[in-house]
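Data first, discussion second: the structure below is written as structure tokens.
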Amino acid sequence: MARHGGRGWYGRVVAAAVGVTAVAAATSVWTAQAGQPGGGTARAGAPARHAAPQPVSVSADIAHASDGGAHAVNITIDDGPDPLWTPQVLQVLRENGVKATFCMIGPQAQAHPDLVRQVVTAGHRLCDHTVSHDTTMDKKSEAYQSQQILEAQQQIIKASGGVRPMYYRAPGGAFTPYSRHLAAAHGMRPLGWNVDSKDFERPGTGAIVATVQRELPNGPTILFHDAGGDRSQTVAALRTLLPWLKQQGWSFGFPVR
């Protein structure tokens, strides 16, 4: 798994505590999230719960496959939520009837709880993408790795109103045996990818589309981004790729748990 470089933007994210507005979400959506392994619980009209139930331990192996079967792909969206780009990504997903997994930076989730809840309400899944997006985490102490993973997990749970992230994706793929087992013990399956769209580099919409189409034989989990800079090319590429994938006979699933 290739590392991503040049992400100093995340080192400057200020983990400012932002109050979470109690939002009454549709009961069916929250029930569906709560019914999944690692999901939280909430009642429509009730105050948001910030203390989720104890998680069920999951496999510590890095997930790449789709729960939708051999001819399904997983759309994964990293580094948000972002107030400009996440709503646009959500709109494209909604227009195409596609569910995705959003790998969120803890302070970003904390700063934009409304967006986290929009993601959950729309039926997408949450993934822990650490506090600082440090691509050298695998070179750091176990105490540091633990802080990065578990603090972000709590920030995401609080922002979502009690829904737990179901996956953990190490920044740049910087997994360690320790971080994988720590995440799994807290109900988060380590999540890899098979296709890097290279959208973070902003190579042009056509280049992003061509990369995904070319690399799709590598496996079903596709990596995109909704934060960290101008993501207009990503939005445009998704508008092209999602219908194309359907035309090619692909369905859409979530990463295996």
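Our numbering puts the first residue of the sequence shown at 52, with every later residue one more than the last.
In this text, a Cβ means the ideal position worked out from N, Cα and C, and glycines have one as well.
Predicted, not measured: the structure shown is a model, and the values here were computed from it.
If you look at Leu233, you'll find it isn't in any beta strand (DSSP E); it sits in the alpha helix (DSSP H) that goes 228-236. Taking the CA atoms as reference points, Asp179 sits about 10 Å from Leu242. The C-beta of Val107 has fewer than 16 other C-beta atoms within 10 Å across all chains shown, which makes the residue exposed. Taken atom to atom, the span from the alpha-carbon of Gly224 to that of Asp165 is near 28 Å. Spatial neighbours of Arg231 in its own chain (CB-CB distance under 6 Å, excluding positions within 5 residues in sequence) are listed in chain order as Ala111, Pro241. Judged by pairs of C-beta atoms under 8 Å, the stretch 281-292 touches the stretch 126-145, as three or more such pairs exist. Under DSSP, Tyr219 takes part in a beta bridge, and its partners are Asp179, Pro241. Beta-bridge partners assigned by DSSP to Leu274: Thr127, Asp247.
In the displayed model, Thr187 falls within coil according to three-state DSSP, outside both helix and strand. DSSP places Ser283 within a helical segment (H, G or I) once states are collapsed to three. Rounded to the nearest whole angstrom, the CA to CA distance from Arg215 to Gln299 is 33 Å. Ile207 and Pro254 have their C-alpha atoms roughly 31 Å apart.
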